[in-house]
Amino acid sequence: MNNNMPSKVWLLIDSLAFGGIDAYVIELAKGLKQHNVDVEVLLVKRYAALSPIVEKLEGNKIKFSYLSSTNSFPLLTLLKRINHRGGDIIHAHGYKSSLLAKCARIFTGITQVSTYHAGEVPKGKVKLYDLIDRYTAFFSSVSLSVSEQVSSRIPAKTHKINNFIHDSQVRPNQGNQIAFVGRLSYEKAPDRFIQCAECCSKLDFHIYGSGPMETEIIQSVPNNITLHGHQTDMDKVWEKVFVLVICSRFEGMPMAVLEAMAKGCIVIAYDVGDLPKLISNGKNGFIVNNLKSLVDTLQNVTQLSENEKQVIQKEATDTIQQGFSTSSVIPKILNIYFGSDVQSDSQFDKNPSSE
């Protein structure tokens, strides 16, 4: 291991259900291990039901531990770990983990990194926590974001770092489904996917995911949509998918898109977040602006020749390999961990985000 590498990196996350942030943490831990970094995932709380991330951590032989159970306080446990076991960097993901890690930095001075993932504006109590997390970004040693849209909501200096997946996942499959993959929530807009299916009655559609709109969707889906519910093994899902439709109202850089493109799925996405920076329209996928253009594009894609499909699929996998894979992104993260942009005190000055 390089002498400039840390002896210990902790990845902090509060994980109950498995989502995009959880997938990111798994990929980050795998990538750091690949670069000989001693990494451990710290789970904020041990819930009554086993968090799905645990199976992923165990399957990838990634060290992990819990900061708290029902009757203990995670901050106290974290402070004790820092003081007694030591750690060079704590890298937080999600607002709860980020606030916890910032408190630990204030008390101990540990180098602390927060990654901001969410492109949507949350509601209710979470909106307040999100606001506090963003407006305390200057407490962190470094603040990272996954898209320029996310960066624009952080009133402190940020570095944009692409979401990424492991190089080994970049291998095309040959599926045939038209799919929506994600949380069934207003932000992800499954209602738009249903409208598209209603306009394409001769095509079959599939929805993978669960969420607050699930009951509403079950009651309104047309006959050409199959609901598959929450998934724990996405590799099996991607084997079946030919076209992934992203019709979100808000996005950063969704992990689902990277995973799909790595598998050679053709992505049709609304112009949202940083997706237009990832997808070159008509080359490695398609960008649409409304329901009509989504329907027209989807119908055209289903009529592509095998050669035309393969050209787009090859461009998609090449895009991921070159800019959104472990080998291309982890070195940038390591450079940020130990580069000159790590702040010893604060980041009060807002500068343009950069990779």
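Taking my numbering, I'd label the letters of the sequence shown as residues 99 to 453.
Even glycine gets a Cβ: it sits at the ideal position worked out from N, Cα and C.
Should residue i be labelled buried (16 or more other beta-carbon atoms within 10 Å of its own) or exposed?
i	result
alanine 146	exposed
leucine 226	exposed
serine 442	Because the pLDDT of serine 442 is 48, which lies under 50, any placement of that residue in the model is unreliable, and the question is left without a value.
valine 460	One cannot answer for residue 460 here, as it falls past the ends of the chain, which runs 99 to 453.
glycine 371	buried
glutamine 267	buried
lysine 390	exposed
serine 403	exposed
asparagine 449	In this predicted model, asparagine 449 has a pLDDT of only 41, less than 50, meaning its place in the structure is not dependable enough to derive any value.
threonine 324	exposed
histidine 304	buried
arginine 183	exposed
asparagine 388	exposed
arginine 269	exposed
asparagine 274	exposed
glycine 380	exposed
isoleucine 377	buried
glycine 117	buried
glutamate 357	buried
valine 123	buried
lysine 286	buried
proline 172	buried
Do you know whose CA, among the options, lies nearest residue i's CA?
i	options	result
tyrosine 435	Leu130, Ser426, Ser167 and Gly327	Leu130
glutamine 272	Lys334, Pro320, Asp302 and Ile252	Lys334
phenylalanine 278	Pro253, Val355 and Leu198	Val355
threonine 395	Val341, Asn181 and Lys194	Val341
leucine 141	Lys128, Ser105, Gly157 and Leu176	Leu176
phenylalanine 422	Pro310, Tyr306, Met359 and Lys154	Met359
serine 196	Ser170, Gly222, Ile230 and Arg183	Ile230
lysine 178	Glu156, Thr206 and Gly157	Thr206
lysine 255	Thr234, His264 and Ile263	Thr234
methionine 332	Pro310, Glu156, Lys361 and Leu148	Lys361
Are the beta-carbon atoms of residue i and residue j separated by less than 8 Å?
i	j	result
valine 365	asparagine 260	no
histidine 215	leucine 432	no
threonine 424	glutamate 125	yes
serine 166	arginine 144	yes
arginine 232	proline 253	yes
alanine 202	isoleucine 180	yes
aspartate 228	tyrosine 284	no
valine 139	alanine 121	no
aspartate 369	isoleucine 385	yes
Is the number of C-beta pairs between the stretch 156-171 and the stretch 181-196 that are closer than 8 Å three or more? The stretch 156-171 is not in contact with the stretch 181-196.
Would you check if there are 3 or more beta carbon pairs closer than 8 Å linking the stretch 241-259 to the stretch 346-359? Short answer: they touch.
Count Cβ pairs between the stretch 396-405 and the stretch 416-423 that sit closer than 8 Å; are there 3 or more? Short answer: they don't touch.
Between the stretch 289-298 and the stretch 311-323, can you find at least three pairs of beta-carbon atoms closer than 8 Å? With contact defined as three or more Cβ pairs closer than 8 Å, the stretch 311-323 and the stretch 289-298 are in contact.
Say whether the stretch 193-211 touches the stretch 232-239, bearing in mind that this needs 3 or more beta-carbon pairs closer than 8 Å, one atom from each stretch. With the cut-off at 8 Å, the stretch 193-211 and the stretch 232-239 touch.
What are the start and end residues of each continuous alpha helix (DSSP H) run of 4 or more residues lying completely inside the stretch 158-222, in chain order? Listed in chain order, they are 172-182 and 193-206.
Pick out the complete beta strand (DSSP E) segments inside the stretch 246-296, 3 residues or longer, and give them in chain order. Runs of the beta strand (DSSP E) inside the stretch 246-296: 275-279.
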